[in-house]
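Participant: Here's a structure for you.
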Amino acid sequence: MSIDTDRDSIYLDTLSIQSGSTNTNNRKSITLSRQTIYHSTEDLPSTGSLKRGLNNEYFLESQRYHSDAGLHDMEVDGETPLRGNRPQSVAGVARSIQENDEVSALLLDNNSSNTNSLLTDHHQIIKQKNKQKTKQIVTYNEWKSRVWRTFADGERVVDYVLSYPALRLDPNKEQANEIADEKRQIFCANLEKEGLELEFEKTQSIHFVKIHAPKHVLCKYAELLKWEMPIKRSLWKKEDVDYNEYRLLTNMKSWFGRPFRFVKLDPIKFPSRPKEMFHEYSRDKDYLFDIDDPNFFTQDIRIAVVHFILERTAFTSEPESADSCVGVQKLLDDKIYKGAYPLHDGDPNDLKSRRGLLLTEWASINKWIRHQPLTEIKEYFGAHIALYFAWLGFYTHMLIPASFFGIIVVLFGLTTMFSNNISKEICSENRIMCPQCDQICDYWNFNETCVYSRLSNLFDNQLTFIWAVFMSIWATLYLELWQRYSASLIHSWGLTNYTKKTEPPRPQYLAKLKKLKDQFIQNRTQPPNVEGAVLEPAVPFWRFKFPRYLVSYSVIFLFICLAVAAVFGVILYRMSLNTAQHIYGNKDSMTYKITVLPITAALINLVVITILNYVYDYLAVILTNLEMKRTQAEFDESLSLKIYLFQFINYYSSIFYIAFIKGKFPGYPKKYNRIFGFRQEECNAGNCMFELCIQLVIIMVGKQIMNSVMEMLIPVITKTITNIWNHIGVRRSWSDAEIKIRTHNQWTEDYKLLPWQFMSMFSEYLEMIIQYGFITLFVVAFPLAPFFALLNNIFEMRLDAKKFLLYYRRSVPKRVRDIGSWYGIMQVICRLSVMSNAFIIAFSSNFIPEFVYTLYVNKNMIEPSYLNFSLARFDVNDFDEGLAPNITGSPFVDVQICHYTEFRNPPEIEPKYKKNQVYWHVLAARLAFIVVFQNVVGLVQLLVDSLIPDVPRRVRERIKREDYLLSHIVLDEEKKRFKKDAYTGAGKKIMNAISSLQNGKGVRKRSQQHQSHERIHEQVEKL
């Protein structure tokens, strides 16, 4: 064997230095890395073969030894086993192991009479070496694949891990430690009663409990939870259930798919899997399932079963408190355990592991253009996370046509920016506008908004109306197509028939029921109105739940008011800052008002939104717990609704203000409408579209950038700090010992990762739903919103995947058939977006005034100038006392007439400054547009909704064929079982008859024997 520096390290177990050590002990000891000494091939002699180096009797003494988590990283009283450049002797190494590792010490102490000589005389070890059996030599990858995430036997896989700190020597905590240890012992004993297999590792300052679910436990709980499992492929044929498409359709798919082969997954790394048929698991129908297949219960099922047991196992021996002292989450909250988590599948750098493969082929930014391996994600993280990534990927794909059309709208505005008649008129004419505040504000020229009007044309142009119609239909198509896509995906995962009605109650819910008084408890069936449902205790709605709902939603309403108050505060900030700017004077007052002031106000609003989000997320969990939701699905839906309801107000309130309120009721120079003495804000150049666009860009794009940075930096920083703590040891208090965790297997590696929070998926969904609201509710103000959302989601998808695989502990898989209440929220947003865009076009853009001007005014050549049509005139002599500008050295001393944006009578027409006929024409046109737009687009949405079925035809046909085939399979197998049981039963009866006849009293004569044979023949014929 040649020596290669790139070759894997060779692992030798420490028991090889003992005499009489068996191979079995060697195999067991190699799984505990604190007992594992490995020698790097880089340190082997350069001459001679590896075998020669191993046979050298001074090999053990002359080479430097390291231990993955023991010798190399272990310190004994502050000293390392490696003293300078000279390695410690083998006897010293063994002594160090014995002193610092109780398992190694136990193994060494159990050795034969050579133990004392081993620790005292190294040369005796060398002499005894020839009597030993040959050392086991395995590569590093072989060692990891065998023991990295298994029990000591190297066979049973660790499905779940519990971690807790070692007992401290602090006398003040002695009683608390004893109580905690007692709870852990009772909890583990109850887990073993449930059939789980446990193994303890106490080699470091953090102890670990490894949990394995044997096959009989998996079968029991798969039946209890009514999970559908794949049936044997030998019982059915693929052509029996496949839906045959038309050949033309198949060829068209193949032709159109050829140019996009580069986006497909690598068939070598992710080979296509055969389709499966699923049936509800039952141990009585074991003939349907291949339970002998080692991969029948996949890793996500094993983890889910163990977690289900952990959540419902008591940790007290007192029957009266068994309902309240239940579940691993309660132990985590009480600090009895420090962690409870399933294990990741191998090292992230190992491409042979599923984790390494997903990290390289899915979570990498370089693979952003490829499809996602959804089936592999489902088997790794569970259906709930896989469905999130499926939805995010589908949503991102649907953003491509919306982004393309949005870019066209902006390019059209860019090409017509300098040819737009209104912009040219604003830039060419020098109209004097009325002051924007009282006394201290001077008159100003309307052509100062020239650049502003041209920039507004980017988003507010002739394609705005078509863009709004397109996005309204796009939102409906997106929801309908997602329903079809998810139906196919869910069916392929065997979750079509999964229902929330069979979901068991939450342990927290049952624990709270125990604490309630008897008068609040009533018995009812769960689920209701279902025959044969289980009778369980429940609380009445009006006497108990209604007061809690009232408190919960009152607090929600209070925080909604706080969000609105924050927006109102930003409005007052803008008003006061605008006034202050005029007091202190600024030559670029209009530029400041149009750009600087909106940007600073939007940034302040974004900061306030972020702070309120953190507070409310914490509060929403408390309020939802107060409502006592029975199942986890009900809890999640209620929490989702609360969080989104607040976030909706928090994120969109400022945008709603600019879109629908600002500048709509300012009054006129003779009589302005005021709030706390401040004049209301006015829109510039006749509308607020540009300012609305700025607000959208700051909040939407700024929020996305902030979330992406925070999502990646916080896990990296936290993990780095945790690794530093675990490496150097940290004293949390003067009485605590130093906590050091050395990585030597998967559970210690995962212990250093960030714990998975049940709110993690809420934040991911919420971020995307808020984004969906931005690109549907206000998309006419910012056509590039889908494009920025597309860019964000491309990175979001891969960064989320990397975050889940690399920085967080593995989540507990959950079985779901949809994305829950988030789909209903998107449906509501889709309907609201039609009305929102209609109002924005009608009241916040120049679309309707230009339309009326073109068809009504300019058609008869009554008013050739649009500015004369849209601007009203005011006589400066009509200012009330104390409101006219009082500025010394003003260039507008001789001004007699100023203009303002309103449809009102001029000063020479009575009644002066009243709303004229054009105002009512424009208002009627705006309202008519809203009605027509709402009804026409709404009708198109209903047509799309009704014409596109939620489930594809091929899936419906496959479900029908599978149901038919399954019923026949079950019927045929039951017939076979009946015949087999009948034959077996008949055989038993025959044997009993023979036995009874042959064992009669007395000695049988031959004639009697002949008669007995005839009687046997008769009974056989009868059976």
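Mapped onto full-length UniProt numbering, the consecutive letters of the sequence shown carry residue numbers 1 to 1023.
All residues carry an ideal CB built from backbone N, CA and C; glycine is no exception.
Everything numeric in this text was worked out from a predicted model, so none of it was measured.
Under a Cβ-count criterion, where at least 16 other Cβ atoms within 10 Å of its own Cβ denotes burial, should residue 1048 be classed as buried or exposed?
Facilitator: Residue 1048 lies beyond the range of the chain shown here (1 to 1023); nothing can be said about it.
Participant: Would you mind working out which of 669, 690, 689 sits nearest residue 680, comparing C-alpha positions?
Facilitator: Residue numbering aside, residue 680 sits at position 680 when the sequence shown is read from its first letter. Checked all of 669, 690, 689; the closest Cα to residue 680 is 669.
Participant: Residue 898 and residue 432 - do their beta-carbons sit closer together than 8 Å?
Facilitator: Indexing the sequence shown from 1 puts residue 432 at position 432. Indexing the sequence shown from 1 puts residue 898 at position 898. Taking 8 Å as the Cβ cut-off, residue 432 and residue 898 qualify as a contacting pair.
Participant: Could you pull the DSSP bridge partners for residue 875 from this structure?
Facilitator: Along the sequence shown, read from residue 1 onward, the residue named residue 875 stands at position 875. Bridge partners of residue 875: 897.
Participant: Answer with buried or exposed for residue 342, where buried requires no fewer than 16 other C-beta atoms within 10 angstroms of its C-beta.
Facilitator: Mapped onto the sequence shown, residue 342 falls at position 342. Answer is buried; the Cβ neighbour count reaches 16.
Participant: Can the beta-carbon of residue 332 be found closer than 8 Å to that of residue 826?
Facilitator: In the sequence shown, the residue the question calls residue 332 occupies position 332. In the sequence shown, the residue the question calls residue 826 occupies position 826. No; because the gap between Cβ atoms is not below 8 Å, this pair is not in contact.
Participant: Taking 8 Å as the threshold (C-beta atoms), are residue 872 and residue 906 in contact?
Facilitator: Within the sequence shown, residue 906 is the residue found at index 906, counting from 1. Within the sequence shown, residue 872 is the residue found at index 872, counting from 1. Going by C-beta atoms, residue 906 is nearer than 8 Å to residue 872.
Participant: Closest Cβ-Cβ distance between residue 559 and chain C: below 8 Å?
Facilitator: No chain C appears in this structure, which consists of one protein chain only.
Participant: Buried or exposed: where does residue 159 fall if 16 or more other Cβ atoms within 10 Å of its Cβ makes it buried?
Facilitator: As a position in the sequence shown, residue 159 is number 159, starting the count at 1. So residue 159 ends up on the buried side.
Participant: Drop a sphere of 10 angstroms on the beta-carbon of residue 889, count the other beta-carbons inside from all chains shown, and report buried for 16 or more, exposed for fewer.
Facilitator: By one-based count along the sequence shown, residue 889 stands at place 889. Exposed is the call here.
Participant: How many whole angstroms separate the CB atoms of residue 798 and residue 368, which I take to be in contact at a CB cut-off of 8 Å?
Facilitator: Residue 798 sits at position 798 when you count from the first residue of the sequence shown. Residue 368 sits at position 368 when you count from the first residue of the sequence shown. Rounded, the Cβ-Cβ distance is 6 Å, consistent with contact.
Participant: Quick check: the region 772-792 against the region 344-354, are at least 3 beta-carbon pairs closer than 8 Å?
Facilitator: no
Participant: Within 10 Å of its beta-carbon, does residue 382 have 16 or more other beta-carbons around it, so buried, or fewer, so exposed?
Facilitator: The sequence position of residue 382 within the sequence shown is 382, counting from 1. Counting Cβ neighbours within 10 Å, residue 382 comes out buried, since at least 16 surround it.
Participant: Hey, how far is the Cα of residue 662 from the Cα of residue 604?
Facilitator: By 1-based counting over the sequence shown, the position of residue 662 is 662. By 1-based counting over the sequence shown, the position of residue 604 is 604. Between the alpha carbons of residue 662 and residue 604 lies a distance of about 18 Å.
Participant: Rounded to whole angstroms, what's the CA-CA distance from residue 488 to residue 421? Just pull it up for me.
Facilitator: As a working mapping, residue 488 is identified with position 488 in the sequence shown. As a working mapping, residue 421 is identified with position 421 in the sequence shown. Taking the straight line joining both Cα atoms gives about 52 Å.
Participant: Mark residue 398 as exposed unless 16 or more other C-beta atoms lie within 10 angstroms of its C-beta, in which case mark it buried.
Facilitator: The count along the sequence shown starts at 1 and reaches residue 398 at position 398. Classification for residue 398: buried.
Participant: What is the DSSP secondary structure of residue 886, counted as helix, strand or coil?
Facilitator: Working through the sequence shown from its first residue, we reach residue 886 at position 886. Here residue 886 sits in coil by DSSP.
Participant: Helix, strand or coil, according to DSSP, for residue 767 in the structure here?
Facilitator: Residue mapping note: residue 767 aligns to position 767 of the sequence shown, counting from 1. In the structure shown, residue 767 sits in a helix (DSSP, three-state: H, G or I).
Participant: Using CA atoms only, rank isn't needed, just tell me which of 255, 360, 876 is closest to residue 269.
Facilitator: For the purposes of this step, residue 269 is identified with residue 269 of the sequence shown, where counting begins at 1. With respect to the C-alpha of residue 269, the residue from 255, 360, 876 having the closest C-alpha is 360.
Participant: Compute the beta-carbon to beta-carbon distance between residue 805 and residue 358, rounded to the nearest angstrom, for a pair I have assumed lies under 8 Å.
Facilitator: Stepping through the sequence shown from its first residue, residue 805 is reached at position 805. Stepping through the sequence shown from its first residue, residue 358 is reached at position 358. Their Cβ separation, rounded to whole angstroms, is 6 Å, which keeps residue 805 and residue 358 in contact under 8 Å.
Participant: Taking the continuous beta strand (DSSP E) assigned at residue 344, which residues delimit it?
Facilitator: Along the sequence shown, read from residue 1 onward, the residue named residue 344 stands at position 344. First-last for residue 344: undefined, no H or E at that position.
Participant: Using the C-alpha atoms, what's the distance from residue 782 back to residue 697?
Facilitator: Indexing the sequence shown from 1 puts residue 697 at position 697. Indexing the sequence shown from 1 puts residue 782 at position 782. Each residue's alpha carbon lies about 8 Å from the other.
Participant: In chain order, what residues of the same chain have a beta carbon less than 8 Å from the beta carbon of residue 191, not counting five sequence neighbours either side?
Facilitator: Here the question's residue 191 lines up with position 191 in the sequence shown. If we look at residue 191 and ignore the five residues flanking it on each side, its Cβ neighbours are 198, 211, 309, 310, 313.
Participant: What residue ranges within the region 891-958 form continuous alpha helix (DSSP H) runs of no fewer than 4 residues, ordered along the chain?
Facilitator: If we require 4 residues or more, the alpha helix (DSSP H) runs fully inside the region 891-958 come out as 917-947.
Participant: Could you say which of 442, 177, 306, 237 lies nearest to residue 876 if we only look at CA atoms?
Facilitator: Along the sequence shown, one-based indexing puts residue 876 at 876. Taking only the C-alpha atoms, the option nearest residue 876 is 442.
Participant: When you compare the region 836-856 with the region 626-636, are there three or more beta-carbon pairs, one atom per stretch, that lie closer than 8 Å?
Facilitator: Fewer than three pairs of CB atoms, one per stretch, sit closer than 8 Å, so the region 836-856 makes no contact with the region 626-636.
Participant: List the residues that DSSP assigns as beta-bridge partners of residue 314.
Facilitator: Locating residue 314 in the sequence shown gives position 314, where the first residue counts as 1. 326, per the DSSP bridge assignment.
Participant: Leaving out five residues on either side along the sequence, give the residues of the same chain with a beta carbon under 6 Å from the beta carbon of residue 704.
Facilitator: By 1-based counting over the sequence shown, the position of residue 704 is 704. Around residue 704: 792.
Participant: Could you give the residue range of the alpha helix (DSSP H) that holds residue 780?
Facilitator: As a working note, residue 780 is residue 780 in the sequence shown. It is not in any alpha helix (DSSP H) - residue 780 carries neither H nor E in the DSSP assignment.
Participant: Whole angstroms is fine: what's the gap from residue 407's alpha carbon to residue 455's?
Facilitator: What you label residue 407 is simply residue 407 of the sequence shown in a count that begins at 1. What you label residue 455 is simply residue 455 of the sequence shown in a count that begins at 1. Their Cα atoms are separated by approximately 15 Å.
Participant: Determine contact between the region 467-477 and the region 941-949, defined as no fewer than three beta-carbon pairs at a distance below 8 Å.
Facilitator: yes
Participant: Determine which residues share a DSSP beta bridge with residue 161 and list them.
Facilitator: Numbered from its first residue, the sequence shown carries residue 161 at position 161. Per DSSP, 210, 341.
Participant: I'd like the span of the alpha helix (DSSP H) that includes residue 229, first residue to last.
Facilitator: For the purposes of this step, residue 229 is identified with residue 229 of the sequence shown, where counting begins at 1. Note, residue 229: premise wrong, no alpha helix (DSSP H); beta strand (DSSP E) at 228-230.
Participant: Ignoring anything shorter than 4 residues, give me the alpha helix (DSSP H) runs that lie fully in the region 448-510, in order along the chain.
Facilitator: 450-456, 464-492
Participant: Does the region 745-761 come into contact with the region 805-817, if we say contact requires no fewer than three beta-carbon pairs (one atom in each stretch) closer than 8 Å?
Facilitator: Yes, the region 745-761 is in contact with the region 805-817.
Participant: May I ask you to verify whether the region 365-380 touches the region 446-465, counting CB pairs closer than 8 Å and requiring at least 3?
Facilitator: no
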